[in-house]
Amino acid sequence: MSERDRTEAEERPDPETERLAQRIEFLFTYVQPLGRRYTLQEVVDGIRASAGPGDPKISVGRLWTLVKGRAGNPTVGTLRALGDFFGVPLAYFIDDEVANRVTAQLALIAAMRANDVRSVALRAATVATMSAQGVDMVRSLVERSGVPETEEAVSSQVTGPDPA
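Going by my numbering, the sequence shown opens with residue 552, and the numbers climb by one from there.
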């Protein structure tokens, strides 16, 4: 193998590393309870704030390398900490089926956030044969997102409180 071939092989991202980077980037894009994308520092600070003694911690630099697909093989503890922060199961990072379900659920939440139709979307998600665990996860993420709980809450935000 020539020097050039070796260099190109080293620069080509590992498919697993790339898949992990895409999944983490997806979380940054779709989990936005602040109404905007988290910064790397906010994620690191959030993980550190909730970490107990002996729990893994992550640096901004390490998180950046994971998001950009420049480094692979994070520890299970790192993935668990990221999952806890973003409200997704650990399996999201390693299991394609779980990742597909979570991706669909997060896209639904983003649509609900964009349209302020929480109760309608939750009913639609339930009808779409989502597992009970999936519905609970959607509810949890919606609650963290700040979307009003009921249609009445949406209505009162638009028209003001009911005078009755």
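Cβ atoms here follow ideal geometry from the backbone N, Cα and C, with glycine treated the same way.
Return the first residue and the last residue of the alpha helix (DSSP H) that residue i is part of.
{"i": "Pro640", "result": "No alpha helix (DSSP H) contains Pro640, which DSSP labels as neither H nor E."}
{"i": "Ile575", "result": "Pro566 to Tyr581"}
{"i": "Gly605", "result": "Premise fails: Gly605 is in no alpha helix (DSSP H) and is neither H nor E."}
{"i": "Arg613", "result": "Val611 to Val618"}
What three-state label does DSSP hand residue i in the structure shown?
{"i": "Arg588", "result": "coil"}
{"i": "Asp687", "result": "helix"}
{"i": "Thr626", "result": "coil"}
{"i": "Ala600", "result": "helix"}
{"i": "Leu621", "result": "What sits at residue 621 in the sequence shown is Arg, not Leu. Coil at Arg621, not helix or strand."}
{"i": "Asp647", "result": "helix"}
For residue i and residue j, which I take to be in contact (beta-carbon distance under 8 Å), what is that distance rounded to the nearest angstrom?
{"i": "Ser691", "j": "Gly638", "result": "6 Å"}
{"i": "Thr629", "j": "Ile609", "result": "6 Å"}
{"i": "Leu571", "j": "Phe644", "result": "6 Å"}
Out of curiosity, what's the CA-to-CA distance linking residue i and residue j?
{"i": "Gly620", "j": "Arg613", "result": "11 Å"}
{"i": "Val627", "j": "Ala655", "result": "24 Å"}
{"i": "Trp615", "j": "Met663", "result": "29 Å"}
{"i": "Gly685", "j": "Val611", "result": "30 Å"}
{"i": "Glu694", "j": "Leu657", "result": "13 Å"}
{"i": "Ala600", "j": "Ile575", "result": "20 Å"}
{"i": "Asp596", "j": "Pro566", "result": "29 Å"}
{"i": "Gln573", "j": "Gln583", "result": "17 Å"}
{"i": "Leu585", "j": "Pro607", "result": "25 Å"}
Thinking just about the alpha-carbon of each residue, which of the options is nearest to the one in residue i?
{"i": "Ala665", "options": "Thr568, Ser601, Asp646 and Arg587", "result": "Arg587"}
{"i": "Asn651", "options": "Asp565, Phe577 and Glu569", "result": "Phe577"}
{"i": "Gly623", "options": "Gly605, Pro584, Gly603 and Glu569", "result": "Glu569"}
{"i": "Tyr589", "options": "Pro625, Phe579, Glu648 and Pro607", "result": "Phe579"}
{"i": "Arg631", "options": "Val653, Ala602 and Val618", "result": "Ala602"}
{"i": "Gln592", "options": "Val618, Asp565 and Leu641", "result": "Val618"}
{"i": "Asp687", "options": "Ile598, Pro604, Val594 and Pro640", "result": "Pro640"}
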